[in-house]
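Under the UniProt record's numbering, the first residue of the sequence shown is numbered 1, with each subsequent residue one higher.
Backbone N, C-alpha and C fix where the C-beta goes; we use that ideal spot for every residue, glycine too.
Source: prediction; values computed, not measured.
Heads up: the structure comes next, in structure tokens.
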Amino acid sequence: SMHRQQQRKATNTSLITIRVRVGPSMTKDSTAVIVASFLAGAASLAIVNKLFAKREDRKNAGAIVEGNDLSLFYGDEKALTTITKSRKFLPSDLYGRMVRDCVICCVDSLIVRVNPAKNNRKEFLTVLRGTEPAKGLWWLPGGRLLKGETFFAAATRKTIQETGLSKVKPIQVLGVWNTFFPTSHWDTDTEKGTQTVNPIVLVELEEEGADIKLDDTSEEWKWVGLDPDEAAKENADRYCVEALLRLRAWNPGYNR
1 SMHRQQQRKA
11 TNTSLITIRV
21 RVGPSMTKDS
31 TAVIVASFLA
41 GAASLAIVNK
51 LFAKREDRKN
61 AGAIVEGNDL
71 SLFYGDEKAL
81 TTITKSRKFL
91 PSDLYGRMVR
101 DCVICCVDSL
111 IVRVNPAKNN
121 RKEFLTVLRG
131 TEPAKGLWWL
141 PGGRLLKGET
151 FFAAATRKTI
161 QETGLSKVKP
171 IQVLGVWNTF
181 FPTSHWDTDT
191 EKGTQTVNPI
201 VLVELEEEGA
211 DIKLDDTSEE
221 WKWVGLDPDE
231 AAKENADRYC
241 VEALLRLRAW
251 NPGYNR
């Protein structure tokens, strides 16, 4: 009715007036309205900020659920994962041709330890590459995926081979990168460079104080905190930083 509309209009007008008027004559009711309005605005702002934070995380999110190494077997799993000696050691001329003319799949490991000397903070292992590709860069241990290997199996094998760390556990695939290099260990005078597809696997070290024994693909090693900014300051390559961003986006509390 017209009377109700006038009442509603009067109420709306008074609410607007109360929200902007301040002074000693304000009643408890008007104060409550102002407080409620302020809290509602703060809550709305918090929701907006949270949405933007989630959108920011999506830029780096994309890690796979823990325990899933993305393997699909179309047949007997044991037979499909049997690795023969001929698959491990390819003739040099054949492998050189593959490196130059084919895309190679290499699995790299983000090896994480708990450091008791630094309040049990988590750190990852980065190694200084001694051979091409990526020579001279602070990289991640890893190498070629053998036919018959899962990503987890390859990450475990390469971790042992390249660092000497044997008590490790693969956790999850953090992402897959398509990397292009202008040079490789198998360059010729006329053909140079290589391309690799690199799944990065989070690998946790399950023992304290383990000795690191690098193979001939790396020259130095160091443990660095999981914060991407710290890693960048320690000259870890952007490849390492990208993996850390994925890890943080997937599990913000992992480093705690």
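Beta bridge counterpart(s) of glutamate 123 as assigned by DSSP
As a working note, residue 123 is residue 123 in the sequence shown. According to DSSP, which records beta bridges pairwise, glutamate 123 is partnered with Arg113, Gly225.
Suppose the cutoff is 6 Å on Cβ atoms and the five residues either side in sequence are ignored; what does the same chain contact list for threonine 81 look like?
On the sequence shown, position 81 is the one that residue 81 refers to. So the qualifying residues of the chain are Gly148.
Start and end of the beta strand (DSSP E) containing tryptophan 186?
Counting from one through the sequence shown, the residue named residue 186 turns up at place 186. Element bounds for tryptophan 186: n/a, residue is neither H nor E.
Span of the beta strand (DSSP E), counted from its first residue to its last, around glutamate 204:
In the sequence shown, the residue the question calls residue 204 occupies position 204. Note, glutamate 204: beta strand (DSSP E), 194-205.
Anticipated Cβ contact below 8 Å, alanine 63 with valine 107, distance rounded:
In the sequence shown, the residue the question calls residue 63 occupies position 63. In the sequence shown, the residue the question calls residue 107 occupies position 107. Their Cβ separation, rounded to whole angstroms, is 15 Å, which puts alanine 63 and valine 107 out of contact at 8 Å.
Buried or exposed for serine 14, going by 16 or more other Cβ atoms inside 10 Å?
Numbered from 1 along the sequence shown, position 14 holds the residue referred to as residue 14. At serine 14 the pLDDT is 42, less than 50, meaning the model places this residue with poor confidence; the figure from the coordinates comes in the next sentence. Classification for serine 14: exposed.
Would you please state the rounded distance, in angstroms, between the beta carbons of cysteine 240 and tryptophan 138? I believe it to be under 8 Å.
For the purposes of this step, residue 240 is taken as residue 240 along the sequence shown, with counting starting at 1. For the purposes of this step, residue 138 is taken as residue 138 along the sequence shown, with counting starting at 1. Indeed, because the Cβ distance is near 7 Å, the residues count as touching under 8 Å.
By the 10 Å Cβ neighbour count, where 16 or more other Cβ atoms means buried, how is serine 109 classified, buried or exposed?
Counted from its first residue, the sequence shown places residue 109 at position 109. It counts as buried.
I need the DSSP call for threonine 156, collapsed to helix, strand or coil.
For the purposes of this step, residue 156 is taken as the residue at position 156 of the sequence shown. The answer is helix: DSSP assigns threonine 156 an H, G or I state.
Excluding five sequence neighbours on each side, which residues of the same chain lie with their C-beta closer than 7 Å to the C-beta of arginine 21?
To locate residue 21, count along the sequence shown from 1; it is residue 21. The predicted model places arginine 21 with a pLDDT of 49, which falls under 50 and marks its position as unreliable; any figure quoted below should be read in that light. Counting only Cβ-Cβ distances below 7 Å, and skipping sequence neighbours, we find nothing.
What is the C-beta distance between aspartate 69 and valine 168, in whole angstroms, given that I count them as a contact (C-beta under 8 Å)?
Working through the sequence shown from its first residue, we reach residue 69 at position 69. Working through the sequence shown from its first residue, we reach residue 168 at position 168. Actually they are not in contact, since the Cβ atoms of aspartate 69 and valine 168 sit about 14 Å apart, beyond 8 Å.
Tell me whether histidine 3 is buried or exposed, calling it buried when 16 or more other Cβ atoms sit within 10 Å of its Cβ.
Sequence index remark: in the sequence shown, residue 3 carries index 3 (1-based). Below a pLDDT of 50, predicted positions are generally treated as unreliable, and histidine 3, at 46, falls in that range; the measurement from the model is reported next regardless. Per the 10 Å Cβ criterion, exposed.
Among Ser86, Ala79, Ile111, Pro91, which has the Cα closest to the Cα of glutamate 204?
Counting from one through the sequence shown, the residue named residue 204 turns up at place 204. The shortest C-alpha separation from glutamate 204 is found at Ile111.
For glycine 130 and tyrosine 254, the rounded distance between their alpha carbons
Locating residue 254 in the sequence shown gives position 254, where the first residue counts as 1. Locating residue 130 in the sequence shown gives position 130, where the first residue counts as 1. Roughly 31 Å separates the two Cα atoms.
As assigned by DSSP and simplified to three states, the class of asparagine 251:
Along the sequence shown, one-based indexing puts residue 251 at 251. Residue state, collapsed to three classes: coil.
What number of angstroms, rounded off, separates the C-alpha of phenylalanine 124 from the C-alpha of arginine 144?
Looking up residue 124 in the sequence shown gives position 124. Looking up residue 144 in the sequence shown gives position 144. Rounded to the nearest angstrom, the two C-alpha atoms are 21 Å apart.
Go ahead and pull the three-state DSSP assignment for serine 86.
Mapped onto the sequence shown, residue 86 falls at position 86. If DSSP states are grouped into helix, strand and coil, serine 86 belongs with the helices.
Looking at the unbroken beta strand (DSSP E) that takes in glycine 62, where does it start and where does it end?
As a first step, residue 62 must be located in the sequence shown, where it is residue number 62. Careful: glycine 62 lies outside any beta strand (DSSP E) and carries neither H nor E.
Please name the residue, chosen from Ala46, Trp223, Gln161, Met98, that lies closest to residue 264 on a Cα-to-Cα basis.
The shown model of the chain, from 1 to 256, leaves out residue 264, and the question about it has no answer.
6 Å Cβ shell around phenylalanine 152 - same chain, five flanking residues per side excluded:
Working through the sequence shown from its first residue, we reach residue 152 at position 152. Closer than 6 Å at Cβ, skipping near neighbours: Asp69, Pro170.
Cβ shell of glutamine 195 (< 8 Å), same chain only, five flanking positions each side left out:
Here residue 195 is taken as the residue at index 195 of the sequence shown, counted from 1. Closer than 8 Å at Cβ, skipping near neighbours: Val103, Ile104, Asn178, Thr179, Phe180, Phe181.
Would tryptophan 221 and asparagine 115 qualify as a contact pair, given that the criterion is a beta-carbon distance under 8 Å?
On the sequence shown, residue 221 is found 221 positions in, with the first residue counted as 1. On the sequence shown, residue 115 is found 115 positions in, with the first residue counted as 1. Taking 8 Å as the Cβ cut-off, tryptophan 221 and asparagine 115 do not qualify as a contacting pair.
How many Å lie between threonine 126 and leucine 39 at the Cα?
Working through the sequence shown from its first residue, we reach residue 126 at position 126. Working through the sequence shown from its first residue, we reach residue 39 at position 39. Going by the C-alpha atoms only, they are around 47 Å apart.
Less than 8 Å between the beta carbons of isoleucine 212 and leucine 165, yes or no?
Position 212 of the sequence shown, counted from the start, is the residue given in the question as residue 212. Position 165 of the sequence shown, counted from the start, is the residue given in the question as residue 165. In this structure, leucine 165 lies closer than 8 Å to isoleucine 212 by Cβ.
How many Å lie between glutamate 234 and tryptophan 250 at the Cα?
In the sequence shown, the residue the question calls residue 234 occupies position 234. In the sequence shown, the residue the question calls residue 250 occupies position 250. Spanning the two alpha carbons is a distance of roughly 23 Å.
Using only alpha-carbon positions, find the residue among Thr150, Ala236, Asp187 that is nearest to residue 257.
The requested residue 257 does not occur in the structure, where the chain is confined to residues 1 to 256.
Residue span of the alpha helix (DSSP H) that contains glycine 96, given as start and end
Within the sequence shown, residue 96 is the residue found at index 96, counting from 1. Looking at the DSSP string, the run of the alpha helix (DSSP H) that includes glycine 96 is 92-101.
Excluding the five sequence neighbours on either side, which residues of its own chain have a C-beta within less than 8 Å of the C-beta of leucine 247, listed in chain order?
Along the sequence shown, one-based indexing puts residue 247 at 247. Ala63, Leu110, Leu174, Leu202, Leu226, Tyr254.
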